[in-house]
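Structure first, then comments.
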Amino acid sequence: MRNDHVTLRSTAVFDLLAPRTPAVPVQVELRYDTRDPYAVVAAFRTGRAGWVEWVYARDLLADGLIAEAGDGDVRIKPATDDPEVVVIELNSPSGHATFEAASEELADFLDRTYDVVVPGNEHLWVNVDQALTHLISNDMS
-2 MRNDHVTLRS TAVFDLLAPR TPAVPVQVEL RYDTRDPYAV VAAFRTGRAG WVEWVYARDL
58 LADGLIAEAG DGDVRIKPAT DDPEVVVIEL NSPSGHATFE AASEELADFL DRTYDVVVPG
118 NEHLWVNVDQ ALTHLISNDM S
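Numbering of the sequence shown is given in this note's numbering, commencing with residue -2 and proceeding in unit increments.
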């Protein structure tokens, strides 16, 4: 396990899509933390002080840049009519949201994460004992 943790942050604007209305720009902060090397976080600005965070696999983001990916709450795919756009669909019990984002921005962010943790080396950054202790202590409370 490595101890030299790094957190990457990048800001972007995604377009929230809704039927019969113009797209609404939404500020998004993308984060990658080597303490959770398999995941990326997309934090969506919901108002003056509000953020909604979605955590999903870094591999899902990578796969979604080139082909349709995701079976569950997060689905990512290239736009059918514009190769420079990626469609991100988020589903939860409280609703559904579809966004469009610039594929180059997402690819650049992903490349920065690969500069820190090479794909396939994520396990070198995970402290299994610490993760199990955390899970067990949360399960008991």
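From the three backbone atoms N, C-alpha and C, an ideal C-beta is built for every residue, glycine too.
Problem - For residue 59, the three-state DSSP class (helix, strand or coil) - result: Helix, per DSSP.
Problem - Identified DSSP bridge partners for residue 92 - result: DSSP output for residue 92 lists 89 as bridge partner(s).
Problem - Environment of residue 17 [buried if 16+ CB atoms lie within 10 Å] - result: Of the other Cβ atoms in all chains shown, fewer than 16 fall within 10 Å of the Cβ of residue 17; this residue is therefore exposed.
Practice task
Look up residue 29 in the DSSP assignment and say whether it is helix, strand or coil.
Solution key: DSSP places residue 29 in strand when its eight states are reduced to three.
Practice task
Look at the alpha carbon of residue 87 and the alpha carbon of residue 111, and state the distance between them as a whole number of angstroms.
Solution key: About 24 Å.
Handout entry: As assigned by DSSP and simplified to three states, the class of residue 97
Key = Of the three classes helix, strand and coil, the one that applies to residue 97 here is strand, per DSSP.
Handout entry: Nearest residue (CA-CA) to residue 81, options 42, 72, 98
Key = Closest by alpha carbon: 98.
Problem - Secondary structure of residue 8, DSSP reduced to three states - result: In this structure, residue 8 counts as strand in the three-state DSSP scheme.
Handout entry: Cβ contact (3+ pairs, closer than 8 Å) linking the segment 39 to 47 and the segment 7 to 26
Key = Judged by Cβ distances under 8 Å, the segment 39 to 47 makes contact with the segment 7 to 26, as three or more pairs qualify.
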